[in-house]
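Notes to accompany the following structure.
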Amino acid sequence: MSETFSNLNMVVDFLSTGLRLSVPLVFAALAGMLCERSGIFNIALEGMILGGAFGAAVATFFSGTPVGGIFGGMLCGIIAGAILAYLCISLCVNQIVVGITINLLAVGFTAFLSRIIFEGQGSTLDLPGFKAMAIPLLYSIPIVGVVLFRQDVLTYLMYILVGILFIVIFKTKWGLSVRAVGENPAAADTAGISVTGVRYLSVLTGGALASLGGCYLVLTQVNLFSEHMSAGKGFIALAAIALGRWNPIGVFLACLLFGMFDALQLRLQFSNPNVPYQFFAMLPYVAAILALVGIIGKVTPPGATGIPYKRGMSREQAIF
Amino acid sequence: MLNLIRFVYMFKSVWAVLAALLIGSVFISIGGSNPLAAYGALFHGAFFEYFGLASTLVKMCPLILTALAFTVPLRCGQFNIGAEGQMYIGALFATTVALYLPKFPSVIHIVLCTVAGAMGGALWVLLPAILKAYYQLNELIITLLMNYVAIDLVSYFVSGPMLEPGAPYPYSREIPESLFLPYILPNTDAHMGVLIAVVLAILLYVVFKRTSLGFSFITVGRNPDAARFAGMPVQGLMVNSFLISGALAGLGGAFEVLGLKYRLFHLFSPGYGFDGIVVAFLGGANFLFIILAAMFLAGLKSGANIMQRAVGVETTAVEAIQGLVIIFVAASLAFRFDRSHWAHILSVRKMIQKKRTEDKQEKDS
Amino acid sequence: MSIASNGLLENRMKYKLVLDHITKTFGALKANDEVSLHARKGSVHAILGENGAGKSTLMNVLYGLYRPDKGCIVLNGREVRIENPGIALDLGIGMVHQNFMLVGRFTAIENTILGTKIKGIHLSLREPRKRLLELSDSFGFEIDLDQPVWKLPVGMQQRVEILKLLYHNVDILILDEPTSVLTPNETQQFFDVILKLKATGKTILLITHKLGEVMTVSDYVTVMRDGRVITEMATSEATTQALARLMIGRDVLFDVTPEQATHGENVLEVKGLCAVNDRGLPALDNVSFEVKAGEILGIAGVDGNGQTELAETIVGLRSLSAGKILVDQVDYTHVSVSERRHRARIGYVPEDRQRRGLALDHTVAQNMMLSSYNKPPFARRGMLHLKEIRHQAEILVRRYDVRLHDVGQPVRELSGGNQQKLIIARELRENLKILIAAQPTKGLDVGAIEFVQNTIVEQRAKGTAVVYISTELEHLLAVCDYISVIFRGHLTPKMSLGETTSEKIGLLMSGGG
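Residue numbers (my numbering), protein chains in the order written: chain Y, 1 to 320; chain P, 1 to 365; chain U, 1 to 513.
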């Protein structure tokens, strides 16, 4: 272990890697948190990340610029969000069922379309992406500055979004409505709030947010699209939402923790070639499971999460 | 008339599939082929050619088992999305018993491997099952995350302790030939596993339809409070539904090794655990319909290659169609037969008709 | 005497609010049939009717939750269209629902400003707090504005609901069965609030099925039955008896004669029972009582004083922290639900039918065998006997006159009264030793209540020990041999009907006496 962090540069390097690995998690977890706050349990995050990655790759491929990629990615995320919203909110289909559906749909569609569009050269593609840009002044703070402020545009966007979401949820009227709809939709409805409207908006926004995680994977991390590239990040994000207690800042910190775990396992793999790498590779997943086990009985999700709302409906119907 | 409408509702999965195939044909057209020719080649290849049919049967086996694995807890109100991981652990256990146990008579050894596979799968779902039943911890996320752990674990074993010396790719030694599952179609890969899967599906159908145990599972699924009220051991039933599920998925993994691959491969499953969910939805969580749904999906998969050869459509088109199928099936869940609603519509229509004929008679007279 | 609605403009102008020939159907059911109502400014207008008479539907139409098929709403002489609750609030119409519409984790302030149209997007609590404090003071409400409302007692939550409406500047308040959750004492305070509201010029629509309430606080009353208006009159011209007859459509209320049955030995003995509620707070404190064979013990009390916990502890659905439960001198304290059911032969009619008593997606037949699902004649050696299940269900359905299409129909499709009949049919098996009936008359119409009361009395005649828990004192008085009162987890010793009066019981229910 002592060699693992032998000097300051390595620490900085490690922290930056951890941050970079947590960025997609943060986008997805913020999205999931917003949806759950409004009463929709969104396990489609995985599919939204994948869709976002695919959209970003395609749009960048054709437009030649990563900015175009972001729009492409968000479009895909919003489409996924729209499917989730329509089926869960308007048709009242079980939210877990729809979430699973969207994940499978994303896998199938991205695989098929990427083969057609990239004609099998998907994994050799080198798409233009975002480069790190140091922010003057802030960048010169020792360690922290280098870690936090020598990143790319999307990471800076992430910082801003964490702040914005915190303010929106806890300091605005709209946030109050979202929380009310997620806790007790009937009460919100009688107070004159459109439950359907709030939920649609939250889920569509969530779709766009989660897809940014996919955009980051493609445009900053690997510059190509590969099938199944989301690799369970959406599910780790779900764990982070609970660990962060549905609070944007808490969720951000939880994702950071999981990202650091990922960085740690990469480093351990590198410095311990004698230990089979698989044991390190499974660390982030194990960490997420342990985190969930650790918070048993200590957190409660928003009261109405997972339950469809329809006026006059007394109890939810069984799925089959 | 009401029964006719109920009938239409009953087959909503079929309508969903037709809609998916219809939209899928648009995709095939985009890919530059004639959709009718493509579907023709696909289904002919999958069901009406000897080797194609065999390949369909081979794929049916894990699909039925993982679909059953998803459905048993679903009927009990639980979600096990970890069939993929449970398959891997099942395969690992079965291979271990096949390779490292002293020699037994062939049949007994096969049974031992099978049981080991089932136990492995059940073991892998034990933790989320207990956490859910006794601590109300979301089983979805845990079962999902454990998939990745299972795949890494198998990867470690086949590229480490079980690795065949000199293998170009991580896989284990071959299991002894005496442990190969018997064939059901000569000169093909089609093995016994699919028959066992079908028998298990029928068995589960009977259990859920005709036994107290099945009834208590369903009651827990529909209203756990009412089940507790009726004196059912709710938590125990929840755990058991998971264990049965894990065992079924583990069996699927074991059969892949014993019947098809004869070795444990790194990443041997192309996502059967998740395809099983599609099959389960398509079959409307009905154990008998699952057999048909698995046959359809297996046909889609085995016919994909034939379709590619015949008309040059990407095999992944099938994955896209599969995605469409599941989205339409999910949407179809929103449409339920509501007797009073339809009875009302019919009575109103009858009244209008009656009035019209009366008006007409008035006019005539 | 009754006000004929001729739709003339002058006539409309006289009233604050006119509902004109409202019709609303659900499927084949006509919930409101040409219903008209005329409410004056600064008056309390009661809408009296039984459960299922269409009162709530009418109010939900007025509040924008349902859209009427026919008819119109005239407010201050102008016809208005109310498409959703937001519009209703803008028009100055507010509603306090029977189940409060509060977000439990929010404070009173947050609950109040929910949905208000303040300028800007920033959530500022300072202004609302000031106004709420003023409003709260002027009505003498002593509410802690910064507590999450789930921590407040029910009476306080109701005040939060009213405060919410006042904050929204409504001038028509719809109150749906507001006293059903209050103690007699709280009810009196609540009436004072209503009078104060009236004095400030608000119009109050009071939905109720309690005649006493109508006579005490209302100025006008509209009586509804089967979705139609029977009459509309000034309360001063009405008598309790006349209103009762109009509401029910025939004379007498209950005709159950509590003939003195012969009591046997002590069957159920509860000693020093303590238990906690779902939030982990103490709900039962040293509760003891015994019931003899052929005896009905009534347990009176306002909702939420430990009744649910008491019933659940006796049948084994809730674990107890101290105490003993004996059936025929045998200790059943730590025995499973299923054993209590089958060995001690306890039947249980739960309070929350849809949550506990039935699996709504199960068929009628499946629900009828729910509590004996693994016992003969329904099952042998683990195999279900489908024909027998169907057959038994058909017998019970016929005996208890449950209205349905087929026993293979999901219970979800049945009406509330029929669902209750199903549970009673299932729970009152042969040779029942003990019956625990928790609020069995809740939400039923008079016919169904009579049926339930009669079955309970029949059961006594068969020698069953009955524990009858209810918030409706009249219902208890009609059938019980003894009554105990539960208040904040304490149970009074049992009193025979001869030695007590309903006034005394009412006092005990609010913690006095």
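All C-beta atoms, glycine included, are put in the ideal place defined by N, C-alpha and C.
None of the values given here were measured: they were computed from a predicted structure.
Proximity test, Cβ basis, 8 Å: residue i and chain U
i, result
"W246(Y)", "no"
"S215(P)", "For clarity, residue 215(P) is Phe in the given sequence; the question names Ser instead. So, interface residue."
"S212(P)", "yes"
"Q317(Y)", "yes"
"E183(Y)", "yes"
Straight-line gap, residue i to residue j (C-alpha atoms, nearest Å)
i, j, result
"G18(Y)", "L131(P)", "30 Å"
"M101(U)", "N51(U)", "20 Å"
"V520(U)", "G250(P)", "The requested residue 520(U) does not occur in the structure, where chain U is confined to residues 1 to 513."
"F170(Y)", "V195(Y)", "18 Å"
"F261(Y)", "F14(Y)", "10 Å"
"M509(U)", "I486(U)", "7 Å"
"G24(P)", "S338(U)", "53 Å"
"Y134(P)", "Q78(P)", "13 Å"
"D255(U)", "E450(U)", "Only weak support is given to the placement of D255(U): the predicted model assigns it a pLDDT of 49, under 50, and the question is left unresolved by the model."
"K494(U)", "L273(U)", "16 Å"
As assigned by DSSP and simplified to three states, the class of residue i
i, result
"P142(Y)", "coil"
"Y15(U)", "coil"
"E34(U)", "strand"
"R279(U)", "coil"
"L238(Y)", "helix"
"I384(U)", "The residue you asked about is not Ile; residue 384(U) is Leu in the sequence shown. If DSSP states are grouped into helix, strand and coil, L384(U) belongs with the strands."
"I434(U)", "strand"
"F254(U)", "Caution is warranted here: a pLDDT of 48 is assigned to F254(U), below 50, making its placement in the model unreliable, and no coordinate value can be reported."
"V103(U)", "coil"
"R245(Y)", "coil"
"N184(Y)", "coil"
"A393(U)", "helix"
"P148(U)", "strand"
"H490(U)", "strand"
Candidates the options, of which the one nearest residue i by Cα
i, options, result
"R263(P)", "G90(P), L126(P), Y135(P)", "G90(P)"
"L358(U)", "I423(U), A300(U), L320(U)", "I423(U)"
"E141(P)", "A239(Y), F112(Y), F149(Y)", "The question names Glu, but residue 141(P) is Ile in the sequence shown. Closest option to I141(P), Cα to Cα, is A239(Y)."
"L145(P)", "C215(Y), S230(Y), T300(Y)", "S230(Y)"
"R429(U)", "T441(U), Q392(U), Q409(U)", "Q392(U)"
"A300(U)", "C480(U), L17(U), K117(U)", "C480(U)"
"V270(U)", "Y400(U), Y167(U), Y348(U), A322(U)", "A322(U)"
"A37(P)", "I306(P), K354(P), A98(P), V72(P)", "I306(P)"
"L135(U)", "I93(U), T200(U), Q98(U)", "T200(U)"
"G26(U)", "R67(U), S36(U), M59(U)", "Looking at the sequence shown, residue 26(U) is not Gly but Phe. The option with the nearest alpha carbon to F26(U) is R67(U)."
"T313(U)", "V335(U), E295(U), D328(U)", "V335(U)"
CB contact check: residue i to chain Y, cutoff 8 Å
i, result
"G86(U)", "yes"
"G226(U)", "Looking at the sequence provided, one finds Asp at residue 226(U) rather than Gly. So, not an interface residue."
"T357(P)", "no"
"M95(U)", "yes"
"G515(U)", "Residue 515(U) is absent from the structure shown; chain U starts at 1 and stops at 513."
Chain P contact for residue i (CB, 8 Å cutoff)
i, result
"V337(U)", "yes"
"G514(U)", "Outside the shown range of chain U, which is 1 to 513, sits residue 514(U), and nothing can be said about it."
"G207(Y)", "no"
"G417(U)", "no"
"R115(Y)", "yes"
"H334(U)", "no"
"V140(U)", "Correcting the residue identity first, residue 140(U) is Gly in this sequence and not Val. Not an interface residue."
Near the ligand ADP: residue i beta-carbon under 7 Å from a heavy atom
i, result
"L144(P)", "Ligands in the displayed structure: none, and consequently the ligand ADP is not present."
For this session: Would you mind listing the alpha helix (DSSP H) stretches within the stretch 439-485 of chain U that are 4+ residues and don't spill past its ends, in chain order?
Result: 446-461, 473-479
For this session: Could you pull out every unbroken beta strand (DSSP E) segment of at least 3 residues lying fully inside the stretch 308-357 of chain P, listed in chain order?
Result: none
Exercise. Whole beta strand (DSSP E) runs in the stretch 187-235 of chain Y with 3 or more residues, listed along the chain?
Worked result: none
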